[in-house]
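In my numbering, the protein residues as written are 36 to 796. Some notes on the structure that comes next.
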Ligand code: IVH
């Protein structure tokens, strides 16, 4: 029966209780097949035909049957992931083929050397025409999976490459690993004939190699939980995957939501005997077989190419960027020689023909003691390196906080030049024992800001100096005070603090006064035209404008543009005004909650907040605002300086009225989601809308108000439809509704998602 019909039938049956179903064993088997097919459509094809809700319902039905009829439980059931077997320890197991490692290259010159060697060996055999294929290098845990008669029978960690640990039970919990290989139209040509009892299209023996991975988002969530439990966080996804796959309780492993990507066939045969595969590197057979057997891969959608083409792909920063947009970590690329020996459509792996007698390129190229000569890894440029601290500066932040910053001898880390790195605070300096002029290790992962991981004490010369907190503010000379781990400038009108505060005040998320940048603020503060935030509104004064126009970069046009922006900002909704005040612990979301709460409580003006805060508990309950935040609010608004500032701003015409809040057309609480491939970076779209105070939901939920869809919308569209969420289709309407998106820079003709065949995303 076709899958949609079968699904529909099972959905209907699922409304019954298991004991009302007569042919329960049959239904159970159908359910296993049906869910397995949906897994395949979701994970491998990235084309699910049912919503997540429907999937969950089918899964719940399966579990219900298994609860009532435990004797029916099949090892093929997708629910195996929930079995909680506790291993005493892991048995040792031998690999069917040694799991060699790859030779590493760090620059594209190494790739040429690699190619020269390949060329030399192949030329000797009279082979002149060969090409390379390029794959992502999965940064996970290497594993061998063994299938006998189509059933997953064993999974072994890499260990020393010859013997590893048997982690079969734990691997059974990984959802995107097929537990039972399925015959499909694509796998049928793999076998010429089938003897009785054999599964069509499925090799009798198959061992494959893959990488067990944890998604970046999963590690983040796992670490959050671990930190709450006082456990150490996993430093990266590889450690998290390793720590998870080695847990003794497979029920716990199941909860870790691991994935496995399979990239190589180790052995395959048809008659039970283990023989190495001869032609796996043939694009058509090798790659095709793995995906047609429903193993998941992330493929760079780049055509097989010469070494020059490969060099270009490696050097193209987009390759790494596109991979880093995915929810998994990759530490490089893998380049493999592919066999282009022509094969006819009808030929199959085991057919006797003259071509198959030819030695495969894999065999001709052979291996060194450690590595196969047919492949090489290209490691992404170093993310960790070391350099010397040249000097230490002290920066004054918005609340007067003093941040030590190290000036470094510049180094290149993943393409970017790094010459400064934050030392955060004196606790950090002391715990890492960092001294001025030390040689330090610098790490940069992904797009994260670089940071120091440690000092190389062995490289000390004796000229290193202790880093001592300054006694006076480097910006205004006022005394510095020390509160817990931080040092603060004691002068509330310190120009450095003021600059930060003003920049925040005018930012897009706050009063949105455009045209006032770093350089302008610098001059205005230095020249004492701005001595506090409220002075901003004096810039519209014609007398001050005359002075302004004398400064470089402050032309007639600029000054009048800025003046009209300042004028318009007086009418900003209350939530923006609250955010603009830059209250400790209060960000965009909390500002919104406060404005809403005041409105709900019937307050007319922000100034009533002090009375309202007396009943802060209600606010805590309604908006989940924490005690710390309430305290920060109470402190801030009871401070005479705040009162003076609010009075002054109000005098200048800034609206603190809750009315202003209500009138705003895009009233706040709207949640949105994004799906499909856009000609713009989704991150940019998200940023632009968040600046407009919309709240982003990674996945649509019942709280989501609208979803933006471009093309190739997958699962999320269905989900949105299920929830009845408004769908805005980019082409037709999005730019009209959100003009701000029209200004986003277009990406290259090939958007990221088109360059990658990401079955998952
Ligand atoms: S092929 C005999 N392909 O990288 C060659 N390896 O030292 C087998 N890895 O631990 C390796 N992604 O587990 C290959 N697309 C990929 C890979 C990959 C990650 C791992 C492999 C090994 C290490 C290389």
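Cβ atoms here follow ideal geometry from the backbone N, Cα and C, with glycine treated the same way. Here the structure is a predicted model, which is why all the values come from computation and not from measurement.
Annotation: residue 214 to residue 330 spans about 10 Å, alpha carbon to alpha carbon. Counting along the chain, residue 445 sits inside the beta strand (DSSP E) bounded by residues 437–448.
Residue pairing by DSSP places residue 171 opposite 368 in a beta bridge. Annotated three-state conformation of residue 671 is helix, per DSSP. Of the heavy atoms belonging to the ligand IVH, at least one sits nearer than 7 Å to the Cβ of residue 246.
Cβ-Cβ separation between residue 200 and residue 125: approximately 4 Å, consistent with a contact (criterion under 8 Å). Residue burial is scored here from C-beta neighbours: residue 559 has at least 16 other C-beta atoms within 10 angstroms and is therefore classed as buried. The Cβ-Cβ distance between residue 684 and residue 604 does not fall below 8 Å. The DSSP-derived three-state label of residue 455 is strand. Of the residues assessed, residue 627 falls on the buried side of the cut-off, its CB having 16 or more other CB atoms within 10 angstroms. In terms of Cβ geometry, residue 454 and residue 445 form a close pair [threshold 8 Å]. Within the segment 582–624, complete alpha helix (DSSP H) segments of at least 4 residues are found at 591–604, 609–615, given in chain order. Taking all protein chains shown into account, residue 405 has fewer than 16 neighbouring C-beta atoms within 10 Å of its C-beta and is therefore exposed. In the three-state reduction of the DSSP assignment, residue 407 falls in the strand class.
By the C-beta criterion, the segment 346–357 is judged not to be in contact with the segment 264–281, since fewer than 3 inter-stretch pairs fall below 8 Å. Here the C-alpha atom of residue 656 lies approximately 35 Å from the C-alpha atom of residue 94. Fewer than three Cβ pairs drawn from the segment 597–615 and the segment 729–743 lie within less than 8 Å of each other, which leaves the two stretches out of contact. No Cβ-Cβ contact shorter than 8 Å links residue 282 with residue 243. As the crow flies, the alpha-carbon of residue 407 is around 24 Å from that of residue 364.
According to the DSSP secondary-structure assignment, residue 524 is paired through a beta bridge with 515. Following the DSSP letters along the chain, one finds residue 127 in no alpha helix (DSSP H) but inside the beta strand (DSSP E) bounded by residues 127–129.
Secondary structure note for residue 92: its alpha helix (DSSP H) is the uninterrupted segment 87–103. Taking 7 Å as the cut-off, the C-beta of residue 299 counts as close to a heavy atom of the ligand IVH.
In this structure, residue 167 lies away from residue 333, with their beta-carbon atoms at least 8 Å apart. When DSSP states are grouped into helix, strand and coil, residue 344 belongs to the helix group.
At a threshold of 7 Å, residue 355 does not count as near the ligand IVH, since its beta carbon sits no closer than that to any of the ligand's heavy atoms. For the pair of segments examined, the segment 55–65 was found to touch the segment 90–109: the number of CB pairs separated by less than 8 Å reaches three. Around the CB of residue 255, fewer than 16 other CB atoms lie within 10 Å, so the residue is classed as exposed. Below 8 Å, enough C-beta pairs join the segment 527–538 and the segment 549–556 to call them touching: three or more.
With a cutoff of 8 Å on beta-carbon distance, residue 565 and residue 533 are scored as near each other. In this structure, residue 169 sits away from residue 373, with a CB-CB distance that is not shorter than 8 Å.
By alpha-carbon distance to residue 76, the top candidate from 210, 618, 402 is 210. If you check the CB distance, residue 461 and residue 527 do not come in under 8 Å. Counting along the chain, the unbroken alpha helix (DSSP H) around residue 354 starts and ends at 352–359. Bounds of any beta strand (DSSP E) do not take in residue 494, whose DSSP letter is neither H nor E. DSSP places residue 689 in the coil class of the three-state scheme, outside both helix and strand.
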